[in-house]
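When the letters of the sequence shown are read in order and numbered with the working numbering, they come out as residues 1 to 549. Using N, Cα and C, we set each Cβ at its ideal position, and we do this for glycine too. Treat the numbers as computed from the prediction; the structure is a model and nothing was measured.
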Amino acid sequence: MHININRLSDALALVSYEGKIVEANDVGYELIGVDKSQLEYKHIEDLPEENWTRLKPVVQNVWETEKSQELDFEFLNGQNELIHLTIYFDLIKSDENIKKYVQILAKDVTLSKMVSSDENEFTALRKQFFETLVATLEHEEKTSQFIELVKKLLNPENYILYKLKDSVSIDFEVINAQLENDFDKNDFTSSKKDEIAQIKKQFEPIFIQETNEPNQTKAIKSELYIPIVCGSGNKYVLYAFSKAQNKFNRRQYDLLHFFTSILRLNVKNEDLFKLVRSNQKEIILSNEILKVAMTKLNFGMVYEDGDNRIAFLNNQFLDIFKVDADPSNFIGMHCTDARNMFKPMFKNPDEFIEGMLKLEYDKQEELGKKLLLADDRILERSYYPIFQNETIIGHLWIYIDATIQHQREQNLIIDYQKYMNIIENMELGLMEVNNDDQIMSVNEATCRMTGYSKEELVGQVAHELLVDQSEAELIRNTNKKREEQKVSSYELKYYSKNQEEKYMLIAGGPNFNDKGEVTGSIGVHFDITKIKMLEKAQKKLIDDLNIRN
């Protein structure tokens, strides 16, 4: 069976004993920074001498000893960037046990080296970043400190700090800048709309090694766009640029992508990070964050790695499904096997499986999806795809037993319906209006009293539709009292749809939103037309008797 090696995420080459390259995938060319369409290597000695002289002896030793070897390898690629590789050498034989070639598999560990080595140039910055990440600071202050760290890393001759806006007409504004005399910040307010639009859409850094834009007063050779999110909801883009070529490099880009992604994750999950403050250096550099957090959270959590194998699973998850087992028993299990194990516990097993597969395929977050268990309990499932450099590296699943919450919601609905039925049976009308007296909702009794349907009432201004000018003034004055959070009751003359004169008794009070602000009023209406007609008839009868006497 032939495997398409270009689908591999790591560099792979098949080499003969003499060093002839039998086959190599595109990732290998990307690693060494060479355009395959312009230069294709045929032999290991086509590589720079300082590289092939270290590789060829290992290839020949593996061929002769038939023993696999591993090599830590550093080299400068075509862009003059220092690359760190872990290379695995394995002998490949035919079905007849004849030696065919040596397989060379190279994994790029440059980023890992950058963020984990105590000897590299980023050590101090990494420490400052994590201290900022876990510090108890206001979001704006934390973002400001992070921006300063980014500038310290890049040391740019020029930078502009943009604040992104949600406005359709103005997408961003310049709030800070440091520019050489050749540049004017006004030149960068409209010319960067395409890049800012891309940032707003994907919220990923943009790295441009060399540009030659038309109509520039001075050519810009190096550019970096770094998106930064603040917990208050504010989003920024730090645009650093230079007239010098290769001012910024791929290492800086990868490190900034790493840090900005974590800052964004930190904003979303700040409470989670507080649980592991004592282990802040391990938050991102290893999976210890999940090990610690999952033992302390009050909801079930499962993390699957990029190979769809369970990397973490907490006790709370097993408790939700009433499984008496050690979480470690599931580590390394393929998610397909695990899901098949748990799917019989759902009322609709196929929906459970298909929903997860669709979410992973679409790579879209989902929050609070309700799922019904076979024992009639209700779960809420949330999904978070984990990305790095636009590549998905894991899947985070959250499960919450929402049975009690759902029952409370159902009880509230039942109570609401019960009281609404009581009100309907008592022929009491209900009307909810906003602060402008616009009708937001009515019940059936109100419709019967006025002769209008719900569709005809909702959206109309009550005092314009139902009453004359004198009564409208009464309503406006009453609504002012609502804004002062006062309740009141009063009689009102109104006109039905067929312009019949009618009367109602209204008892009303202010309506509030979840912030305690008055959003309008709600009134209970009792039709007193018959009583008013009797009063008029009584008065007329008394007047007639007085005249006769």
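Test item: CB-CB of residue i and residue j under 9 Å
{"i": "VAL174", "j": "ILE160", "result": "yes"}
{"i": "LEU12", "j": "GLY28", "result": "yes"}
{"i": "SER496", "j": "MET449", "result": "yes"}
{"i": "PHE73", "j": "LEU82", "result": "no"}
{"i": "ASP182", "j": "LYS243", "result": "yes"}
{"i": "LEU371", "j": "PRO385", "result": "no"}
{"i": "LEU31", "j": "LEU71", "result": "no"}
{"i": "SER441", "j": "VAL458", "result": "yes"}
{"i": "ALA240", "j": "LYS151", "result": "yes"}
{"i": "VAL524", "j": "GLY451", "result": "no"}
{"i": "TYR490", "j": "LEU466", "result": "no"}
{"i": "LYS200", "j": "LEU164", "result": "yes"}
{"i": "PHE387", "j": "SER488", "result": "no"}
{"i": "GLY306", "j": "ILE208", "result": "no"}
{"i": "GLU409", "j": "TYR383", "result": "no"}
{"i": "ALA338", "j": "PHE346", "result": "no"}
{"i": "LYS493", "j": "GLU471", "result": "yes"}
{"i": "LYS532", "j": "TYR503", "result": "yes"}
{"i": "GLU354", "j": "GLY368", "result": "no"}
Selection from the options that minimises the alpha carbon distance to residue i
{"i": "MET420", "options": "HIS43, GLU444, GLN499", "result": "GLU444"}
{"i": "HIS406", "options": "MET301, ILE378, ILE422", "result": "ILE378"}
{"i": "PRO227", "options": "ILE220, VAL237, ALA219, ALA124", "result": "VAL237"}
{"i": "VAL109", "options": "ILE87, LEU91, LYS200", "result": "ILE87"}
{"i": "ASN25", "options": "TYR41, GLU390, SER453, CYS447", "result": "TYR41"}
{"i": "ASP437", "options": "GLY508, GLU390, GLN388, LEU428", "result": "GLY508"}
{"i": "LEU224", "options": "LYS201, GLN245, ASN234", "result": "GLN245"}
{"i": "ASP375", "options": "GLU464, GLU96, PRO344, GLN145", "result": "PRO344"}
{"i": "TYR229", "options": "GLU140, SER222, PHE188", "result": "In the sequence under discussion, the amino acid at residue 229 is Val, which differs from the Tyr named in the question. The residue with the shortest Cα to Cα distance from VAL229 is GLU140."}
{"i": "ASN435", "options": "ASP415, ILE422, ARG476", "result": "ARG476"}
{"i": "PHE188", "options": "ILE208, PHE207, TYR162, GLN198", "result": "TYR162"}
{"i": "GLN178", "options": "GLN198, ASN155, ILE542", "result": "ASN155"}
{"i": "HIS463", "options": "GLU456, ASN249, GLU473, SER222", "result": "GLU473"}
{"i": "ILE98", "options": "GLU49, TYR17, LYS142, VAL302", "result": "TYR17"}
{"i": "ASP35", "options": "GLU49, PRO57, GLY19, ASN77", "result": "ASN77"}
{"i": "ASN234", "options": "GLU500, ASP362, LYS221, PHE172", "result": "PHE172"}
Same chain, Cβ closer than 7 Å to residue i, five either side skipped, listed in chain order
{"i": "VAL15", "result": "ILE21, VAL22, ILE44, VAL59, TYR101, VAL102, ILE104"}
{"i": "PHE560", "result": "Because the chain in this structure spans residues 1 to 549, residue 560 falls outside the shown range and cannot be described."}
{"i": "ASN51", "result": "PHE75"}
{"i": "GLU360", "result": "HIS395"}
{"i": "GLU180", "result": "GLU157, ASN158"}
{"i": "PHE342", "result": "PHE321"}
{"i": "ASP10", "result": "VAL27, LEU105, ALA106, LYS107"}
{"i": "VAL433", "result": "ILE439, MET440, ALA462, GLY520, SER521"}
Spatial neighbours of residue i in its chain, beta-carbon cut-off 6 Å, leaving aside the 5 residues before and after
{"i": "ASN511", "result": "THR519, GLY520, SER521, ILE522"}
{"i": "GLY300", "result": "GLN316, PHE317, ILE320, TYR399"}
{"i": "LYS67", "result": "none"}
{"i": "SER62", "result": "For the record, residue 62 in the displayed sequence is Val; it is not Ser. For VAL62, where only same-chain residues beyond five positions count, the Cβ hits under 6 Å are GLN69, PHE89, LEU91, VAL102."}
{"i": "SER169", "result": "Model confidence at SER169 stands at a pLDDT of 48, short of 50, so the residue's coordinates are unreliable; what they give is reported in the following sentence. For SER169, where only same-chain residues beyond five positions count, there are no Cβ hits under 6 Å."}
Residues near residue i by beta carbon distance below 8 Å, same chain, minus five either side
{"i": "SER278", "result": "Bear in mind that the predicted position of SER278 carries a pLDDT of just 43, short of 50, making it too unreliable to give a figure here."}
{"i": "GLU351", "result": "LEU371"}
{"i": "THR65", "result": "none"}
Which whole runs of the beta strand (DSSP E) in the region 21-99 are 3 residues long or more, in chain order?
-> For the region 21-99, whole beta strand (DSSP E) runs of length 3 or above, ordered along the chain, are 21-24, 69-76, 82-93.
Could you give the uninterrupted runs of the alpha helix (DSSP H) lying entirely in the region 303-332, keeping only those of 4 residues or more?
-> 315-320, all fully within the region 303-332.
Ordered list of alpha helix (DSSP H) runs contained in the region 324-396, each at least 4 residues | List check, alpha helix (DSSP H) in window: 335-342, 349-362.
Sufficient close CB pairs (3 or more, under 8 Å) joining the region 329-338 to the region 307-316 = With the cut-off at 8 Å, the region 329-338 and the region 307-316 touch.
Of all the beta strand (DSSP E) runs that stay within the bounds of the region 476-513, which reach a length of 3 or more residues?
-> Runs of beta strand (DSSP E) with 3 or more residues, each lying fully within the region 476-513, are found at 488-495, 501-512, listed in chain order.
Where in the region 414-471 do unbroken runs of the beta strand (DSSP E), each at least 3 residues long, occur, reported from the N-terminal end onward?
-> DSSP runs (the beta strand (DSSP E)) wholly in the region 414-471: 428-434, 439-442.
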